[in-house]
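Sequential numbering from 7 applies to the sequence shown in this note's numbering. Inspection log for the structure reproduced underneath, given as structure tokens.
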Amino acid sequence: MDDLSGAPLADFDAALPLSPLGPRAWASQADKRYWNAIGPWGGWTAALLLKAVLAEADHNGTPVAMTINLMGGLDETAPLALMTRPARQGRSMEFWTSELIQNDASAAMAMVTLGHRRDTLTAHEAEFPQVAPPESLNPPERRAGLAFGAMFESRYLPGAIPFQSEGGSTETFTWVRDAQARPLDYPLLAALADVFAPRVFYRSAERRPVSTVSMTVYFHATPQELAAVGGDFVLAQARARRFEAGFFDQAGTLWSRDGLLLATTEQLCWFK
7 MDDLSGAPLA
17 DFDAALPLSP
27 LGPRAWASQA
37 DKRYWNAIGP
47 WGGWTAALLL
57 KAVLAEADHN
67 GTPVAMTINL
77 MGGLDETAPL
87 ALMTRPARQG
97 RSMEFWTSEL
107 IQNDASAAMA
117 MVTLGHRRDT
127 LTAHEAEFPQ
137 VAPPESLNPP
147 ERRAGLAFGA
157 MFESRYLPGA
167 IPFQSEGGST
177 ETFTWVRDAQ
187 ARPLDYPLLA
197 ALADVFAPRV
207 FYRSAERRPV
217 STVSMTVYFH
227 ATPQELAAVG
237 GDFVLAQARA
247 RRFEAGFFDQ
257 AGTLWSRDGL
267 LLATTEQLCW
277 FK
């Protein structure tokens, strides 16, 4: 179910395997290349949950929103199962659930909203940040770190520095793309919505355990707009608003090089 053309798969595609298990059921496997500190990177999980819905032959429309709840850790060796269900299918909107199961326990679940995009009023109120282009920035030095970071090419703009202070802004800007310049589509856009480092890293000099609890992604880009981006860099902008009682939020935006807002995202994270 990964590439019917016979062309070689990009690493991102190969890391999201889907094999039919039965009606509304798919088998998959975790991929250590997209590993975070103690388990799969949340962006990989989001992409897999979305891909399972888009693999269903009777889905209609393109993604306009999804909310993912990350409920438990995943083992790197045990097989995964994905169960999808169309909660409601209408003429203009569809609502699907996608559940990731391992060892008979639910590890993550998403509500995916599909919509039929139409020619309507078009306006662009959000303002594209005026930042230097990616070609003007030096690639960061390669260093040991989280595995999934090596699967992307990132160019960091001057801004907040992690683990440096107890205050100040947590806003950062990063140009990022797949390391193989894989063309942008909805699963990859869902993954990039979680490419931001946790904002608490920019608020505290202390290294703290942290994990995403819930993430919502709004897909503003049309398929044609994603195709126009291709394998180019996307500008990832992120900031936090409040840290309190073991939880914090973070908001992110993803922009094309020419200033088109591709997606927005909200996260709730747990921390110590």
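Heads up, the beta-carbon is just placed ideally off N, CA and C, and yes, glycines get one too. Since we're looking at a predicted model, the values are computed, not measured.
Based on Cα-Cα distance, which residue from the options lies nearest to residue i?
i	options	result
residue 113	100, 54, 153, 167	54
residue 32	15, 214, 56	56
residue 92	118, 217, 82, 111	118
residue 221	213, 204, 141	204
residue 274	200, 181, 182	200
residue 305	89, 182, 125	What is shown of the chain runs 7 to 278, which leaves residue 305 out entirely.
residue 179	110, 143, 109, 227	143
residue 246	76, 166, 87, 137	166
residue 213	278, 202, 104	278
residue 206	105, 253, 123	253
From the DSSP output, in three-state form, read off residue i for me.
i	result
residue 124	coil
residue 239	coil
residue 60	helix
residue 267	strand
residue 365	Examination of residue 365 is not possible in this model, given that the chain is present from 7 through 278 alone.
residue 206	helix
residue 155	helix
residue 141	helix
residue 12	Unreliable positioning characterises residue 12 in this predicted model, as indicated by a pLDDT of 47, which lies under 50. The coordinate reading is nonetheless provided below. Three-state DSSP puts residue 12 in coil, outside helix and strand.
residue 39	helix
Over what stretch of residues does the beta strand (DSSP E) that includes residue i continue unbroken?
i	result
residue 184	178-184
residue 22	It is not in any beta strand (DSSP E) - residue 22 carries neither H nor E in the DSSP assignment.
residue 92	86-95
residue 32	31-34
residue 261	253-261
residue 44	Here residue 44 belongs to no beta strand (DSSP E), and DSSP marks it neither H nor E.
residue 72	68-76
When DSSP builds the beta bridges, which residues end up paired with residue i?
i	result
residue 230	For residue 230, which the question treats as bridged, DSSP gives no partner whatsoever.
residue 107	87, 112
residue 161	181
residue 274	220, 255
residue 250	253
residue 51	In the DSSP output, where bridge partners are listed per residue, residue 51 has none listed.
residue 118	72, 102
residue 225	269
Between which two residues does the alpha helix (DSSP H) harbouring residue i extend?
i	result
residue 192	192-198
Please report the Cβ distance between residue i and residue j, rounded to the nearest whole angstrom; I am assuming they are in contact, meaning their Cβ atoms lie under 8 Å.
i	j	result
residue 190	residue 163	20 Å between Cβ atoms; not a contact.
residue 242	residue 198	7 Å
residue 244	residue 258	4 Å
residue 135	residue 161	Contact flag wrong, Cβ pair sits at about 14 Å.
residue 185	residue 227	Actually they do not touch by this definition, with Cβ atoms about 21 Å apart.
residue 271	residue 76	Not quite, the Cβ-Cβ distance comes to about 14 Å (not below 8 Å), so this is no contact.
residue 39	residue 52	Going by Cβ atoms, the distance from residue 39 to residue 52 rounds to 16 Å, so no, they are not a contact pair.
Does at least one heavy atom of the ligand MN sit under 7 Å from the Cβ of residue i?
i	result
residue 174	As for the ligand MN, it is missing from this structure, which has no ligand bound.
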